[in-house]
Amino acid sequence: MSERNGIYWTNEKRKLSQLKPWPRNPRQIKQDQAKRLGESFDQFGQVETLAIGPDGEIYNGHQRLNVLMVEHGADYEVDVRVASRPLSEKEREKLTVYLHKGAAGEWDFDILANEFELDDLLDWGFDKKELDLDLWLPEPPEDPGAQMDRAEELREKWGVESGQLWQLGEHRLICGDCTDRAVVERVMGGEKAAFCFTDPPYNVGIDYGETTDDNQSFDDFGRWCGLWLAHVPKKHLMTVGIKRMLWWREIAGDPTWIIAWVKRNGQGNTKLGGTNKWDSILAYNVEPDGGIDIVEINNDYSENIKTLGGHPTAKPVELWELIMRRFCFDNEIVYDPFLGSGTTLIACERLGRKCRAIEISPAYCAVAIQRWVDMTGGEPVLLYNEEQQDG
1 MSERNGIYWT
11 NEKRKLSQLK
21 PWPRNPRQIK
31 QDQAKRLGES
41 FDQFGQVETL
51 AIGPDGEIYN
61 GHQRLNVLMV
71 EHGADYEVDV
81 RVASRPLSEK
91 EREKLTVYLH
101 KGAAGEWDFD
111 ILANEFELDD
121 LLDWGFDKKE
131 LDLDLWLPEP
141 PEDPGAQMDR
151 AEELREKWGV
161 ESGQLWQLGE
171 HRLICGDCTD
181 RAVVERVMGG
191 EKAAFCFTDP
201 PYNVGIDYGE
211 TTDDNQSFDD
221 FGRWCGLWLA
231 HVPKKHLMTV
241 GIKRMLWWRE
251 IAGDPTWIIA
261 WVKRNGQGNT
271 KLGGTNKWDS
281 ILAYNVEPDG
291 GIDIVEINND
301 YSENIKTLGG
311 HPTAKPVELW
321 ELIMRRFCFD
331 NEIVYDPFLG
341 SGTTLIACER
351 LGRKCRAIEI
361 SPAYCAVAIQ
371 RWVDMTGGEP
381 VLLYNEEQQD
391 G
């Protein structure tokens with residue numbers, strides 16, 4: 001027996017008929033949860049006591065009362081903990097919240113993944129959205145990296161040309177313009193993507209060759225963005241750098257949330273968005289997660305821009321994987337209208353998701369194809385060749 005604030009608790013037995021439910025109880029139970037609770041009683045008995053007041057008013061245990069009443073009837077006796085005095089309504093409210101909202105710890109999902117069977121957890125009451133199913137995947141192959149210094153060589157090796165549609169295992173890649181509805185529909189093949197995380201041009205004057213004008217006026221850039229944004233799913237995130245970040249409120253509306261991507265190896269505020277010490281990731285129609293509102297992942301690739309001749313804003317796979325794990329479920333199709341050297345494709349392969357991607361540059365498509373081949377050992381399949389179809 002222990003006493004705090006004038007309250008102490010004693011163990012007793014009471015019949016279910018002596019217990020009085022609280023009309024204002026905010027807790028509820030679904031049918032499948034009640035079934036599992038009943039199965040728990042059948043296998044293990046009454047593990048937890050019910051908490052009640054001196055006159056039988058229930059403070060904790062309404063769902064157990066309901067299940068036991070159905071299974072055993074009003075004369076069934078249960079173990080209870082009885083308060084030495086009645087709780088005030090405010091005390092009762094506070095106790096209910098304390099007992100059911102975060103006061104009893106939280107799950108360690110790493111231990112669940114390493115020490116428990118996934119099928120058991122799903123059978124016992126977890127759902128797939130609650131569990132981080134990526135933790136149950138076998139260790140994925142390492143990303144071999146993008147061979148940007150071989151871009152033209154790889155384009156010739158694979159014979160990549162504009163208009164081609166490639167199958168890469170569970171993924172599809174088309175070489176074309178993401179503002180073209182026909183291109184988008186071809187790569188999607190009648191499917192619908194549920195999630196998009198992409199790295200569009202920042203409009204800061206970077207030389208992308210003849211494929212993209214990265215030095216447009218605000219109006220022209222906004223119109224161009226509207227064309228490709230029309231095809232992205234409702235739930236999407238994009239890196240936009242910091243120089244033009246304020247433009248996006250007019251272009252795409254207010255984001256649901258902004259994630260700050262911090263890079264310790266950045267070079268301060270420069271023209272090349274990917275080399276800044278931090279970049280913004282705009283998130284639309286996703287549930288904010290305070291646990292990753294600031295992400296700290298170095299952009300190792302930016303250190304090799306001059307030596308590799310690579311895309312100045314290429315992004316690390318680790319960042320893409322972190323975002324996908326949080327916002328994209330394992331059965332969702334991921335869309336990327338600006339695949340670049342293949343970061344989204346590689347992240348999807350490592351996480352067991354399906355990627356549908358567009359890249360306007362044949363050379364970058366070839367780099368992404370080779371990157372996937374090097375990692376998986378798979379065989380790319382050319383599904384569609386626009387020139388052959390036209391011929």
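Under full-length UniProt numbering, the letters of the sequence shown match residues 1 to 391, in that order. In this text, a Cβ means the ideal position worked out from N, Cα and C, and glycines have one as well.
DSSP beta-bridge partners for residue 224?
-> DSSP, once it has assigned bridges, lists no residue as partnering residue 224.
Nearest-angstrom Cα distance between residue 87 and residue 73?
-> 27 Å
Does DSSP put residue 57 in a helix, in a strand, or in coil?
-> strand
Where do the N-terminal and C-terminal ends of the beta strand (DSSP E) with residue 241 fall, by residue?
-> 236 to 241
Within 9 Å, strictly: CB atoms of residue 282 and residue 248 = yes
Tell me whether residue 62 is buried or exposed, calling it buried when 16 or more other Cβ atoms sit within 10 Å of its Cβ.
-> buried
If we ignore side chains and look at the alpha-carbon of each, how far apart do residue 20 and residue 113 end up?
-> 40 Å
Just how far apart, CA to CA, sit residue 67 and residue 238?
-> 48 Å
Any Cβ of chain B within less than 9 Å of the Cβ of residue 177?
-> Checking the listed chains, one finds no chain B in this structure; it contains a single protein chain.
Own chain residues within Cβ distance below 8 Å of residue 378, not counting five before or after = 168, 169 and 372
What span of residues does the beta strand (DSSP E) with residue 15 cover, start to end?
-> 7 to 15
Look at residue 339 and residue 364 and say whether their C-beta atoms are less than 9 Å apart.
-> yes
Between the Cα of residue 50 and those of 9, 320, 36 and 39, spot the shortest distance and give me the residue it belongs to.
-> 9
Simplified DSSP state of residue 20, which is helix, strand or coil = strand
Taking three-plus beta-carbon pairs below 8 Å as touching, is the segment 353 to 370 in contact with the segment 150 to 168?
-> yes
Chain-order list of residues whose beta-carbon lies under 6 Å from that of residue 236 (same chain, five-residue window excluded) | 196 and 284
Ordered along the chain, which non-local residues of its own chain (more than five positions away) have a Cβ less than 7 Å from that of residue 165?
-> 172, 174, 186, 187, 383 and 384
Give me the Cβ distance between residue 229 and residue 193, rounded to the nearest whole Å; I'm assuming they're in contact under 8 Å.
-> In fact, because the Cβ distance is near 13 Å, the residues do not count as touching under 8 Å.
Could you tell me whether the Cβ atoms of residue 316 and residue 198 are closer together than 9 Å?
-> no
Residue burial classification, residue 321 (beta-carbon count within 10 angstroms, cutoff 16) | buried
Spatial distance of residue 96 from residue 292 (CA atoms) | 30 Å
Exposure label - residue 70; buried when at least 16 CB within 10 Å | exposed
If you draw a straight line from the alpha carbon of residue 217 to that of residue 33, how long is it in whole angstroms?
-> 57 Å
Confirm the yes/no value for this check: CB of residue 192, any heavy atom of the ligand HEM, distance under 8 Å.
-> As far as ligands go, the structure on display features none, and thus does not contain the ligand HEM.
When you compare only the Cα positions, how much space is there between residue 18 and residue 48?
-> 18 Å
Helix, strand or coil at residue 365 [DSSP, three-state] = helix
From the DSSP output, read off the bridge partner residues of residue 77.
-> 15
Who pairs with residue 296 in a beta bridge, going by DSSP?
-> 262
Whole-angstrom distance between residue 374 and residue 244, CA atom to CA atom | 36 Å
Start and end of the alpha helix (DSSP H) containing residue 96?
-> 89 to 100
Specify the secondary structure class of residue 247 as computed by DSSP and reduced to three states.
-> helix
Residue range of the unbroken alpha helix (DSSP H) whose run includes residue 184 | 181 to 188
State the DSSP-derived secondary structure class of residue 43, mapped to helix, strand or coil.
-> helix
Note the first and the last residue of the continuous beta strand (DSSP E) segment covering residue 167.
-> 165 to 168
Please name the residue, chosen from 43, 64 and 59, that lies closest to residue 31 on a Cα-to-Cα basis.
-> 64
Nearest-angstrom Cβ-Cβ length linking residue 14 and residue 77, presumed shorter than 8 Å = 7 Å
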